[in-house]
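Just below is one structure, and these are the notes that go with it.
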Amino acid sequence: MTVTAEPPQSPRMELRSAWRVLLFPIQMLYHILKASLCSLLPSRKKDLSKEVVLITGGGRGIGRHLAKEFAKQGAKKVILWGRTEKTLKETAEEISLSGTECHYFKCDVANKEEVYKQAKLVREKVGDVTILVNNAAVVHGKSLMNSDDNALLKTQHVNTLGQFWTTKAFLPRMLELQHGHVVCINSILSQSPIPGVIDYCTSKASSLAFMESLTLGLLDCPGVGCTTVLPFHTSTEMFQGMRIRFPQLFPPLKPEVVAQKTVDGVRTDKAFLYLPWTMHALVILKSFMPQVALEEIQKFTGTYTCMNTFKGRT
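Under my numbering, the residues of the sequence shown are numbered -13 to 300, in order.
Structure follows, in structure tokens:
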């Protein structure tokens, strides 16, 4: 086997490389200081009056509040996707009465053929989607050994793969228009899993990796951005019955608050949004604390057993 040696770098190239190495920490410091300053100052919010927003799982829970909040903050049109026509229709009627054009389509995001079919129908009947909100999710709330295989698959298909199909359906047109936004309603459980909900935690961790990769992949795509929302436990029927030891210290989020913060995050082009902001501390603790200490925190706060009283819906 013949090994060909790489040609030596010229002094000019070596100087340029050395300059980049020296410049890098300065650039990092600049971006950190800029981000810190921007977080303290009021952010300029982009106008939503020309935006067509599609929300998966839009008939109830956080999805319903997101639809209402986008309408409230001036979206041109709102489109709802979901599996239950009754709740979709009720939400669409409520938004239409507020003065915002609203449409609904029955669609199971776990079914890629159905997603592509309904996406084509949306384009024909309503127009190009410029803000896609991947909100649809299911949870079964059982341990691995007590979970039905089909239920485990369903969680992955809805919570993770569903995002692949919806994003593939709508992102290409956003790239053509050089205008669009992909939103993911994730969960803090993607970074701090708990027992009794292994299917959900796994799917949300995969979903987070998807969004992190997508966000980086769109850096050179002008006009198209991403927002990933990582909320703490939210008081919807999806996680009904979930209990932690100190609800006064760690109260569940209200879905309308999650919706309002999400829309604000989209309007200010925030890439990752932790709700509440104290969830940043949890992520930092996980980066350096030993596993035994983290386990004690789980036991002390009650998150270790919080799913024992779970009564939510899928």
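Ideal Cβ placement from N, Cα and C applies to all residues, glycine included.
Considering only the beta carbon of each residue, do residue i and residue j sit closer than 9 Å?
i: F258; j: T188; result: no
i: V39; j: V101; result: no
i: L52; j: N145; result: no
i: V95; j: H167; result: no
i: T201; j: T42; result: no
i: L66; j: G47; result: no
i: V269; j: Q177; result: yes
i: T222; j: P237; result: no
i: I81; j: V64; result: yes
i: M197; j: C170; result: yes
i: A78; j: C88; result: yes
i: P181; j: M293; result: yes
i: P262; j: L239; result: yes
i: F156; j: A105; result: yes
i: G60; j: S35; result: yes
i: V215; j: K247; result: yes
i: T254; j: K98; result: no
i: R50; j: T70; result: no
i: Q149; j: S193; result: yes
i: M224; j: A137; result: no
Under the assumption that residue i contacts residue j (Cβ atoms under 8 Å), give the Cβ distance between them as a whole number of angstroms.
i: Y186; j: V125; result: 4 Å
i: E37; j: K62; result: 6 Å
i: K297; j: Q226; result: 5 Å
i: V210; j: M160; result: 5 Å
i: R231; j: T295; result: With 8 Å as the limit, R231 and T295 do not qualify as a contact, their Cβ atoms being about 12 Å apart.
i: P217; j: S173; result: 6 Å
i: Y90; j: K75; result: 6 Å
On the DSSP letters alone, give me the boundaries of the alpha helix (DSSP H) that residue i sits inside.
i: V67; result: Correcting the residue identity first, residue 67 is Trp in this sequence and not Val. First-last for W67: K63 to G68, but that is the beta strand (DSSP E), not the alpha helix (DSSP H).
i: L138; result: D135 to Q142
i: K54; result: G47 to K58
i: E100; result: K98 to K111
i: F304; result: What is shown of the chain runs -13 to 300, which leaves residue 304 out entirely.
Per DSSP, residue i is paired with what?
i: T42; result: W67
i: I117; result: V39 and H167
i: L239; result: T220
Chain C beta carbons: is any one of them nearer than 9 Å to that of residue i?
i: V269; result: As a matter of chain content, chain C is missing from the structure shown, which is built from one protein chain.
Could you tell me the boundaries of the beta strand (DSSP E) in which residue i lies?
i: K126; result: The sequence shown places His at residue 126, not Lys. Neither: H126 is in no beta strand (DSSP E) and is coded neither H nor E.
i: K92; result: E87 to K92
Of all the alpha helix (DSSP H) runs that stay within the bounds of the region 171 to 223, which reach a length of 4 or more residues?
-> Within the region 171 to 223, the alpha helix (DSSP H) runs of at least 4 residues that lie entirely inside it are, in chain order, 184 to 203.
Ordered list of alpha helix (DSSP H) runs contained in the region 241 to 286, each at least 4 residues | Counting whole runs of 4 or more residues, the region 241 to 286 contains the alpha helix (DSSP H) stretches 241 to 253 and 265 to 274.
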